[in-house]
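Chains A, B and C, in that order, are what the protein sequence lines are.
Following our numbering, the numbering of the first sequence begins with 1 at its first residue and continues without gaps.
Following our numbering, the numbering of the second sequence begins with 1 at its first residue and continues without gaps.
Following our numbering, the numbering of the third sequence begins with 1 at its first residue and continues without gaps.
Contents: one structure, followed by commentary.
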Amino acid sequence: MIDFADVAMRLFENMYYLVSVILFVIGFHTMLTHSNLIKKVIGMNIMDTAIFLFFVSTGYVQGGVAPIIEPGVEQAYINPLPTALILTGIVVAVSVTAFALSLVVKIYEHYGTLDAEEIMRIRSTES
Amino acid sequence: MRLILTLIFLAMIAFVLVATVAEMPTFGDPGNPTNNEVPQRYIEGAVEETGALNVISSIIMDYRAFDTLGEATVLFLAIIGALATLKAH
Amino acid sequence: MEDLIVRMVSRIVVPFIQVYGFYVILHGHLTPGGSFSGGAILGSSMILFALAFNLERGAKKLSHETSTIVECAGAGWFAILGLVGIYMGQNFLTNKEAGFYMGAPGDLVSSGAIVLITLGLGLKVASTVVTLFYSLIEVEGDAHD
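Given below as structure tokens:
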């Protein structure tokens, strides 16, 4: 029914997409499992990096070079449009990380601990 | 118990994503759907219309400069949010 | 931190890092790079200086008010360059039809508004990184290491 050799061959050709999916699942697992708040922020950053890798690698053209035009030389250039869109995305990811870290600092000042389950326990007993 | 439910959930998500990746167009194909006439127009018209040799610089600062203005606003908002959170008494 | 080797090496290395950051910002239209990576390099050199020496000496080099003013000026410079296009009768944020100076492709002074926007955004990103670092470090309370 499912030809495993065919699927494995196509996954081996699209290796960059497969690696970005693996990175995304690793970041998601870090964010769900650990209870330290800073590890959750790091997990979110790993998921962002996986999405950037996936998006930029859709623009590769076989035999192309980086899009810096040399006058007088005829070459095949890669697709510059996904790279230009991801530049904005990287800055947004850095801004969200900075804001999340400042929130973590204020939570630590108020509750005295960085453990998410401890914080939920403290919040359920205070009125 | 929660760990087993988490692993089952992650396995379902990973299965859906890998099945999607196996159906995508080949990596590095010049006949990709993303290589339509828009990047060709940007590469051909970059030197005459903007004068910059770096095509990505001319895209983010001349053809699509409005998006860069929005992104400078996002940087500004991050600073305001972080300062307002940290300096509140 | 009060280490002698870190102080001696960073005193030598920081000017080279700043020159390299300025090079990446200024040649944004000729080589890979541009405003965001050049601004991050320039901001990292100030963070390295503040970490190797005291925080008071780092704050005297680039004070809090100066970095706030530089950041707001960078964003306002971008908006003013866009309004020049409206003043000349074209759309918002135009480059060649609005009368900016276009030299020969490949020179350093060429391609009109791209160099000016790159300079403004590079300084803005550098001061963003420095302001974030100072506001996250100087949190009062039981701040110790």
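Backbone N, C-alpha and C define an ideal beta-carbon position, used for all residues, glycine too.
*Run down chain A in chain order and give the residues with a C-beta less than 8 Å from the C-beta of I43(B).*
P67, I69, Y77, P80
_7 Å Cβ cut-off: residues of chain B touching H110(A)_ = Residues of chain B passing the Cβ test: none, with the nearest at roughly 12 Å.
*Classification of S127(C) by the beta-carbon crowding that lies within 10 angstroms, buried from 16 upward*: buried
*Coil, strand or helix - Y129(A) by DSSP*: Coverage of chain A is limited to positions 1 through 127, which leaves residue 129(A) absent and any answer about it impossible.
*Under 6 Å Cβ to Cβ from I119(A), same chain only, skipping five residues before and after it: list those, please.*
Y111
*Cut-off 6 Å between Cβ atoms - residues of its own chain near G39(C), not counting five sequence neighbours on either side*: G122, V125, A126
*Is the Cβ of F28(A) closer than 9 Å to any Cβ of chain B?*
yes
*At 7 Å on the CB atoms, spell out the chain B contacts of A98(A), in chain order.*
A78, A82
_Contact belief for K40(A) with M31(A) at Cβ below 8 Å, rounded distance in angstroms_ = 5 Å
*Nearest to Y77(A) by alpha carbon, out of F66(B), E71(B), A22(B), A46(B)?*
A46(B)
*For G31(B), the first and last residue of its enclosing alpha helix (DSSP H)*: First-last for G31(B): undefined, no H or E at that position.
*Do we get a CB-CB distance below 9 Å when we pair L95(C) with the residues of chain B?*
It is worth fixing the name first, because residue 95(C) is Asn in this sequence and not Leu. With 9 Å as the cut-off, N95(C) counts as an interface residue toward chain B.
*Just by C-beta distance, which residues in the region 32–64 of chain B are closer than 8 Å to chain A?*
N32, T34, N35, V38, P39, Y42, I43, A46, V47, L53, N54, V55, I56, I59, I60, R64
*Give the DSSP bridge partners of D115(A), in chain order.*
N36(A)
*asked:* The alpha helix (DSSP H) that contains D3(C), what's its start and end?
replied: Element bounds for D3(C): n/a, residue is neither H nor E.
*Using a C-beta cutoff of 9 Å, does S45(C) count as contacting chain A?*
no
*Could you check how far apart the C-beta atoms of V21(B) and L18(A) are, in whole angstroms? I think they sit under 8 Å.*
6 Å
*In the structure shown, what three-state DSSP assignment does A143(C) receive?*
For A143(C), the pLDDT reaches just 46, beneath the cut-off of 50, and the residue's location in the model is therefore unreliable, leaving the point undetermined.
*Contact belief for A113(C) with F100(C) at Cβ below 8 Å, rounded distance in angstroms*: 5 Å
*How is the alpha helix (DSSP H) around Q40(B) delimited, first residue to last?*
37–44
*Is W77(C) near G120(C), with beta carbons less than 9 Å apart?*
yes
*Roughly how many whole angstroms lie between the Cα atoms of S10(C) and F53(C)?*
9 Å
*Using a cut-off of 9 Å between C-beta atoms, extract the partners of L119(C) located in chain B.*
The premise fails here: L119(C) is roughly 11 Å from chain B at the closest Cβ pair, so nothing lies under 9 Å.
*C-alpha gap between T33(A) and A50(A), whole angstroms*: 19 Å
_Assigned exposure category for M9(A) - 16 Cβ within 10 Å defines buried_ = exposed
*List the residues of chain B that H29(C) touches, going by C-beta distances under 9 Å, in chain order.*
T50, G51, A52, L53, N54, S57, S58, M61
*Can you tell me where the alpha helix (DSSP H) with K61(C) in it begins and where it stops?*
55–61
*Taking the DSSP output, what are the residues bridged to Y77(A)?*
V65(A)
*Does DSSP put N91(C) in a helix, a strand or coil?*
coil
_Straight-line Cα distance separating I26(A) from Y16(A)_ = 15 Å
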